[in-house]
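S.K.: Mind having a look at this structure? Questions to follow.
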Amino acid sequence: GESLCRAELPEKSAFVFGNEEFGFSFDPADHPEVRTLAIPQFGQVQSLNVSVAASVVMYEYVRRRQAP
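Just so we're aligned: the sequence shown equals residues 5 to 72 in the working numbering.
See the structure below:
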């Protein structure tokens, strides 16, 4: 997916997180309006616990909306 660092995050956004093992409970191909995002990581491991991933995405979403 598109890097979270570069992705546009509209004010009206909804974020859906899939299970690490099983993914989504729906087929994303059935919903072309759903975009996938990737959280950039360093090192060998390229996986985050879903609660950590949700925290990172929510932090970035709020950070972009704070006054300078």
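Just so you know, even glycine gets a beta-carbon here, dropped at the ideal spot from N, CA and C.
Starting from V54, follow the alpha helix (DSSP H) in both directions and report where the run begins and ends.
M.R.: Start at 1 with the first residue of the sequence shown, and residue 54 comes out as number 50. Here the alpha helix (DSSP H) through V54 covers 54 to 69.
S.K.: Could you give the DSSP three-state label for A42: helix, strand or coil?
M.R.: Translated into positions along the sequence shown, residue 42 becomes position 38. Look at A42 here: in three-state DSSP terms it is strand.
S.K.: So L8 and L52 are supposed to be a Cβ contact under 8 Å. How far apart are they, rounded?
M.R.: Locating residue 8 in the sequence shown gives position 4, counting from the first residue. Locating residue 52 in the sequence shown gives position 48, counting from the first residue. Wrong, their Cβ atoms sit about 11 Å apart, outside the cutoff.
S.K.: Between the Cα of L38 and the Cα atoms of F28, P72, R10, G47, which residue gives the shortest distance?
M.R.: Within the sequence shown, residue 38 is the residue found at index 34, counting from 1. Checking the sequence, you will find Val at residue 38 rather than Leu. Checked all of F28, P72, R10, G47; the closest Cα to V38 is F28.
S.K.: Just the Cα atoms here: how many angstroms apart are A57 and P72?
M.R.: Translated into positions along the sequence shown, residue 57 becomes position 53. Translated into positions along the sequence shown, residue 72 becomes position 68. Their Cα atoms are separated by approximately 25 Å.
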